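Student: Residue numbers (the numbering used here): 748 to 1069.
No residue lacks a Cβ here, since even glycine has one placed at the ideal position from N, Cα and C.
Quantities reported herein were computed from a predicted structural model and do not represent experimental measurements.
My structure is below; once you've seen it, I'll send some questions.
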């Protein structure tokens, strides 16, 4: 565990006054399938947003019987999305409304990675390189395939694949300073994971997992196997990690370079210290809020921002009280 920072947290200030006035809906959104876990998912600005005004968004598309994850980009003009382009559609179509992934991160070369869930009832497909279920894919900003993707030359493989063997990745963050890509994903009952993502690696689901099925049955007799990349850490019981960021601000010096994972089931934020690609400590923060935390971000002002998950959700800004 990391050094206890309760005194620091008691000296922190949560500010929940509105930071933005969102009194009108944004028009021009692409048609989304909305049910259970399906709907709009992530919104990320282009690395060159000031010049090109592109923003990227992910959403579920289709119907209850046939749907998938889509990536699009558009320009926000006033309160309307314009120049909407669908860049990528995950294949195959699936039934149900669970496990979409949908998180986006940009890498140093300005390619993007997109997380894709296993579709829940199709978990074995996470090991099938011919489709996108249970994968992280890498794309150019126009949706084309980078020619240095790891499976480009593998016959029958989906050329977009960057890594495979994932269940439902809902957090991804690129550490530009150290050129490391981190993700976390939901396990079943237990077995939530934090992973260091490397091109072409297989992260094991469902061949190896620290979790069990919701029925209590064993998913796999193995937690690790040769040829599969083990997680940096796993959470059992499940914490339901929902977002991932890395702190580079100056307001909390002790947090410099640490990862922060928002959680839904645990209703907390996990502070995770990773050094040289290895786990160095962990701490549970903000349990006193008692709320599901959907998103966590490190702001350019040095504050940490939390988004709570409820019909009365709040955007909280965490700063030192003095």
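1. If you compare alpha carbons, which of 824, 914, 1006 is closest to residue 773?
2. Between 829, 945, 817, which has its C-alpha nearest residue 799's C-alpha?
3. Of the choices 827, 1058, 794, 841, whose alpha-carbon is the least far from that of residue 817?
4. If we count the other Cβ atoms within 10 Å of its Cβ and call it buried at 16 or more, is residue 753 buried or exposed?
5. Can you grab the Cα-Cα spacing for the pair residue 930 / residue 916, in whole Å?
6. Could you tell me the distance, in whole angstroms, from the CA atom of residue 847 to the CA atom of residue 822?
7. Please report how far the alpha carbon of residue 857 lies from the alpha carbon of residue 794, in whole angstroms.
8. Excluding the five sequence neighbours on either side, which residues of its own chain have a C-beta within less than 8 Å of the C-beta of residue 1014, listed in chain order?
9. Out of 815, 776, 987, state which residue places its alpha-carbon closest to the alpha-carbon of residue 826.
10. On the three-pair Cβ rule with 8 Å, is the segment 964-976 touching the segment 1004-1024?
11. Pop quiz: residue 791 and residue 803 are said to be a contact at Cβ under 8 Å. What is the actual Cβ separation, rounded to whole angstroms?
12. Less than 8 Å separating the beta-carbons of residue 922 and residue 989?
13. If you follow the alpha helix (DSSP H) that residue 798 is in, where does it begin and where does it stop?
14. Could you give the first and the last residue of the continuous beta strand (DSSP E) run that contains residue 1029?
15. Taking C-beta to C-beta, are residue 883 and residue 909 nearer than 8 Å?
16. Taking the straight line between their C-alpha atoms, what separation do you get for residue 1000 and residue 926?
17. Taking DSSP's pairing of strands, which residues face residue 949 in a bridge?
18. With burial defined as no fewer than 16 other Cβ atoms inside 10 Å of the residue's Cβ, what is the status of residue 781: buried or exposed?
19. Drop a sphere of 10 angstroms on the beta-carbon of residue 1053, count the other beta-carbons inside from all chains shown, and report buried for 16 or more, exposed for fewer.
20. Below 7 Å CB to CB, which residues in the same chain sit around residue 1021 once its five sequence neighbours on both sides are set aside?
21. Tell me the rounded alpha-carbon separation between residue 849 and residue 1051.
22. Note down, in chain order, each residue of its chain lying with its Cβ closer than 6 Å to the Cβ of residue 750, except the 5 sequence neighbours on either side.
23. Looking at C-alpha atoms only, which residue of 1024, 1047, 1008 is the closest neighbour of residue 1030?
24. Closest to residue 953 by CA distance: which of 1010, 872, 887 is it?
25. Applying the 10 Å Cβ sphere with the 16-neighbour rule, what's the burial state of residue 902?
26. Shortest alpha-carbon distance to residue 938 belongs to which of 982, 950, 960, 919?
27. State the CB to CB distance for the pair residue 886 and residue 853, rounded to an integer number of angstroms; the pair is presumed to be in contact (CB under 8 Å).
28. Alpha carbon to alpha carbon, how far is residue 945 from residue 877?
29. What does DSSP give as the partner residue(s) for residue 838 in the beta ladder?
30. Closest to residue 918 by CA distance: which of 860, 957, 889 is it?
31. Please classify residue 797 as buried or exposed, where buried requires at least 16 neighbouring CB atoms within 10 angstroms.
32. If you count every other CB in all the chains shown that lies within 10 Å of the CB of residue 831, and 16 or more means buried, which is it?
33. For residue 865, does the three-state DSSP call read helix, strand or coil?
Tutor: Once the coordinates are examined:
1. Taking the chain shown and counting its residues from 1, one reaches residue 773 at position 26. Nearest to residue 773 by alpha-carbon distance, out of 824, 914, 1006, is 824.
2. Along the chain shown, read from residue 1 onward, the residue named residue 799 stands at position 52. When C-alpha distances from residue 799 are compared across 829, 945, 817, the shortest belongs to 829.
3. Counting from 1 along the chain shown, the entry for residue 817 is found at position 70. Comparing alpha carbon positions, the residue from 827, 1058, 794, 841 closest to residue 817 is 841.
4. Walking along the chain shown from the start, residue 753 turns up at place 6. At residue 753, the pLDDT of 37 sits below 50, so the modelled position is not reliable; the number obtained from the coordinates is stated separately. By the neighbour-count rule (16 or more Cβ atoms within 10 Å), residue 753 is not buried but exposed.
5. Mapped onto the chain shown, residue 930 falls at position 183. Mapped onto the chain shown, residue 916 falls at position 169. Going by the C-alpha atoms only, they are around 7 Å apart.
6. Here the question's residue 847 lines up with position 100 in the chain shown. Here the question's residue 822 lines up with position 75 in the chain shown. Residue 847 and residue 822 have their C-alpha atoms spaced approximately 24 Å apart.
7. As a position in the chain shown, residue 857 is number 110, starting the count at 1. As a position in the chain shown, residue 794 is number 47, starting the count at 1. One C-alpha to the other measures close to 7 Å.
8. Position 267 of the chain shown, counted from the start, is the residue given in the question as residue 1014. Cβ neighbours of residue 1014 beyond the five flanking positions: 1034, 1036, 1037, 1038, 1039, 1040.
9. For the purposes of this step, residue 826 is taken as residue 79 along the chain shown, with counting starting at 1. Ranking 815, 776, 987 by Cα distance to residue 826 puts 776 first.
10. When Cβ pairs closer than 8 Å are counted between the two stretches, the segment 964-976 is seen not to touch the segment 1004-1024, the count staying below three.
11. As a working note, residue 791 is residue 44 in the chain shown. As a working note, residue 803 is residue 56 in the chain shown. Going by Cβ atoms, the distance from residue 791 to residue 803 rounds to 5 Å, so yes, they are a contact pair.
12. Position 175 of the chain shown, counting from 1, holds the residue named residue 922. Position 242 of the chain shown, counting from 1, holds the residue named residue 989. Result no, Cβ atoms of residue 922 and residue 989 do not sit closer than 8 Å.
13. As a first step, residue 798 must be located in the chain shown, where it is residue number 51. Where residue 798 is concerned, the enclosing alpha helix (DSSP H) stretches over 796-799.
14. Walking along the chain shown from the start, residue 1029 turns up at place 282. Taken as a continuous stretch (DSSP letters only), the beta strand (DSSP E) holding residue 1029 covers 1025-1032.
15. In the chain shown, counting from the first residue as 1, residue 883 sits at position 136. In the chain shown, counting from the first residue as 1, residue 909 sits at position 162. Remark: C-beta atoms of residue 883 and residue 909 approach each other more closely than 8 Å.
16. In the chain shown, counting from the first residue as 1, residue 1000 sits at position 253. In the chain shown, counting from the first residue as 1, residue 926 sits at position 179. Distance from the CA of residue 1000 to the CA of residue 926, rounded to the nearest whole angstrom, comes to 22 Å.
17. On the chain shown, residue 949 is found 202 positions in, with the first residue counted as 1. Residue pairing for residue 949: DSSP places it in a beta bridge opposite 911.
18. Your numbering for residue 781 matches position 34 in the chain shown. Burial call: exposed.
19. As a first step, residue 1053 is located in the chain shown; it is residue number 306 there, counting from the start. Buried is the call here.
20. Position 274 of the chain shown, counted from the first residue, corresponds to residue 1021. Only 979, 1006, 1027 meet the Cβ criterion.
21. Counted from its first residue, the chain shown places residue 849 at position 102. Counted from its first residue, the chain shown places residue 1051 at position 304. Near 22 Å, if we compare the C-alpha coordinates of residue 1051 and residue 849.
22. Counting from one through the chain shown, the residue named residue 750 turns up at place 3. Any answer about residue 750 is weak, because its pLDDT of 42 lies below 50 and its placement is not dependable; what the coordinates show is given next. The beta carbon of residue 750 lies closer than 6 Å to none in the same chain, with the five residues before and after it left out.
23. Sequence index remark: in the chain shown, residue 1030 carries index 283 (1-based). Of the listed residues, the one whose Cα sits closest to residue 1030 is 1008.
24. Counting from one through the chain shown, the residue named residue 953 turns up at place 206. Closest option to residue 953, Cα to Cα, is 872.
25. Position 155 of the chain shown, counting from 1, holds the residue named residue 902. Exposed.
26. For this step, residue 938 is matched to residue 191 along the chain shown. Of the residues 982, 950, 960, 919, the one whose Cα lies closest to the Cα of residue 938 is 982.
27. Position 139 of the chain shown, counting from 1, holds the residue named residue 886. Position 106 of the chain shown, counting from 1, holds the residue named residue 853. In this structure, residue 886 and residue 853 do not form a Cβ contact; the two beta carbons are roughly 11 Å apart against a cut-off of 8 Å.
28. Counted from its first residue, the chain shown places residue 945 at position 198. Counted from its first residue, the chain shown places residue 877 at position 130. About 19 Å.
29. The count along the chain shown starts at 1 and reaches residue 838 at position 91. For residue 838, which the question treats as bridged, DSSP gives no partner whatsoever.
30. For the purposes of this step, residue 918 is taken as the residue at position 171 of the chain shown. It is 860.
31. Within the chain shown, residue 797 is the residue found at index 50, counting from 1. So residue 797 ends up on the exposed side.
32. One-based indexing of the chain shown puts residue 831 at position 84. With fewer than 16 other Cβ atoms within 10 Å, it is exposed.
33. Along the chain shown, read from residue 1 onward, the residue named residue 865 stands at position 118. In the three-state scheme derived from DSSP, where H, G and I count as helix and E and B as strand, residue 865 is classed as coil.
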